[in-house]
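Here the working numbering is used: the first residue of the sequence shown is 5, the next is one more, and so on.
Heads up, the beta-carbon is just placed ideally off N, CA and C, and yes, glycines get one too.
One structure below.
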Amino acid sequence: MYIGMRPVGIGLILARSSTTAQQRTMPLWWWIVPLLLLTTWLGTRGLTADALWYDEVNTIHDIGAAQYGPVSALALWGRISEESPWPPAYYYLMAGWGALTGWTAFTGRAFSLFIGILSIAWMYRLGRDMTTPLVGLSAAVVLGMSAFFIIYLHEFRGYTLYVLLTIIVVWAYWRLITLRHEPSRALQATFVLSVAGVFYVHYFAGLTAVAIGLYHLLFVPKNTRWWRVAILLGIGGLLFLPWLTGLSEDLERAGRESRNIAV
């Protein structure tokens, strides 16, 4: 009996040793925590490092904040359409943020910092879900340690929101086409809203949704899931229709400015 039990005993010992080794090894995703702390510190250093510059003052003006307001939600829509080259998503979010925190350089830039930190965390999730946790961590490090991104962490502008929505829309799309089970309503809603979001945050960000559409058309198997994702993508695009007038005005204004520069 002793001889027959020896393999079992050895197996138990090896299993316990393996479990102990796994417990002593820090999970890879834990490394994202010091990265987030470091990036937060780097971004926080710039929140009050300098005065508001020209584009940041323009942001406050376009929102109708501080001495330039207040303006109603409807008036803000028209104001952005007439005076800003950006779509309105960032301005509406900042209007809500400013109503809660006040209008100072610190609070306005802090919004960009919070969105930027969330972008790094979501970048890890995107890389992890598409490939491996190591790839996710590497992508998060590249983003978080980017000199340009660190500058944008303390800019009173919508660049970090641009990054976040781009990451979310790619992540949501990848989840929708690779999940083996039925996608949740929350995931489908996230995809629709993020598709609309990239169009509403910046015109060039909308190219991400266009690229997703081309990839979906050319490379994804045409099955029931394909049609569902295509419909969700279309719904997200349709949500941008209310801003077509604003887009037309922005294109017309850009054309006038280009002609003036040429002259």
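- A buried status is given to T63, since no fewer than 16 other beta-carbon atoms sit within 10 Å of its beta-carbon.
- Rounded to the nearest angstrom, the gap between the Cα atoms of R113 and F208 is 22 Å.
- With a cutoff of 7 Å on beta-carbon distance, S88 and T164 are scored as not near each other.
- Take the alpha-carbon of P187 and the one of Y128: they are about 21 Å apart.
- Counted as a single uninterrupted DSSP element, the alpha helix (DSSP H) harbouring Q192 occupies residues R189 to V205.
- In the assembly as shown, E159 is a buried residue. Its beta-carbon has 16 or more other beta-carbons within 10 Å.
- Rounded to the nearest whole angstrom, the C-alpha separation of W175 and R132 is 10 Å.
- Nearest to L168 by alpha-carbon distance, out of G217, A125, G240 and R184, is A125.
- Shown here for A55: same chain residues with a beta carbon closer than 8 Å to its own, the five before and five after excluded, namely A109 in chain order.
- CA-CA distance, V196 to G241, rounds to 8 Å.
- Using a Cβ-Cβ distance cut-off of 8 Å, the region 178-192 and the region 67-85 are not in contact, since fewer than three pairs of beta carbons, one from each stretch, lie closer than that value.
- Per DSSP, L56 is not a residue of any alpha helix (DSSP H), being assigned neither H nor E.
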